[in-house]
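Here our numbering = 1-based position in the sequence shown + 67.
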Amino acid sequence: MADWTPAGLRALVLENDVARLRRLTIDDKPDLERLVYDPEIWEYFVARITDEASLNAFIEQAIHDSLAGTRMVFAIVDKASGRVAGSTAFGNIAPADRRLEIGWSWLGRDFRGTGVNKAAKFLLLEHCFTAMEAERVEFKTDILNERAKRGLESIGAKQDGVMRSFNVMPGGRRRDAVFYSILKHEWPEVRAERFGA
């Protein structure tokens, strides 16, 4: 069984023909700078990257969370170009309950629709269910984020429900968060039907 500890998660590198996931580091800043200033990325995020200061804060928080074990923040590397395409994370890690969340995911405009996101989600889910022996992998998004909801449904996640007035968004709107999940017993069918694996 894979290591659920912060040290075990920090050492994690996941790879297939399309994507490579590894811990996000300060060295990723030049690649991130080419991607993150697109306001469309942050429309439904609780934080926004609009300038160098907010990018530095994002990187510092990612590194801090990965070291502390509260989240494991990955850089998504597009294998075809060798460039960082975006980021994703494991969070809300609950080893005793064999449960964790995949989220905080975004891609730069040039990498949307290329298969990188689906390849990254497969790597994360396969690791969760096969190596970590997780019982539940969960996701959440803004109820207004139709693209994210379609994306989660396309990888076989099932809607669990809506947490009303879940958190505050930039600008003051109270976000309703919609939760999705895939359960361990569902993974073999999801794996075959949605990922052809």
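We put the CB at the ideal spot given by N, CA and C, even for glycine.
The straight-line gap separating the alpha-carbon atoms of proline 106 and threonine 117 is approximately 7 Å. Note that the segment 235 to 245 touches the segment 196 to 215; at least 3 beta-carbon pairs, one per stretch, sit closer than 8 Å.
Spanning the alpha carbons of arginine 176 and glycine 218 requires a straight line of approximately 16 Å.
By the neighbour-count definition (other C-beta atoms within 10 Å, threshold 16), lysine 225 is an exposed residue.
C-alpha of isoleucine 143 to C-alpha of leucine 122: approximately 16 Å in a straight line. Note on threonine 72: under 16 other CB atoms within 10 angstroms of its CB, so exposed under the neighbour-count rule. Of the candidates Val85, Val229, Gly180 and Ser172, Val85 places its Cα closest to the Cα of glycine 149.
Counting C-beta atoms within 10 angstroms of its own C-beta, threonine 92 has fewer than 16 neighbours from the protein chains shown and is therefore classed as exposed. With fewer than 16 other CB atoms across the displayed protein chains lying within 10 angstroms of its CB, valine 229 is exposed. By the criterion of a C-beta distance shorter than 6 Å, leucine 79 is surrounded by no residue of its chain, once the five residues flanking it on both sides are discounted.
Counting the other Cβ atoms within 10 Å of the Cβ of alanine 163 gives fewer than 16, which makes it exposed.
Here tryptophan 173 is not near alanine 156, since their CB atoms are 8 Å or more apart. One Cα belongs to glycine 136, the other to phenylalanine 206, and the distance between them is close to 18 Å.
Going by C-alpha positions, alanine 259 is about 15 Å away from glutamate 220.
At a cut-off of 4 residues, the continuous stretches assigned as alpha helix (DSSP H) that sit fully inside the segment 84 to 130 are 96 to 100.
With at least 16 other beta carbons inside 10 angstroms of its own, alanine 129 counts as buried.
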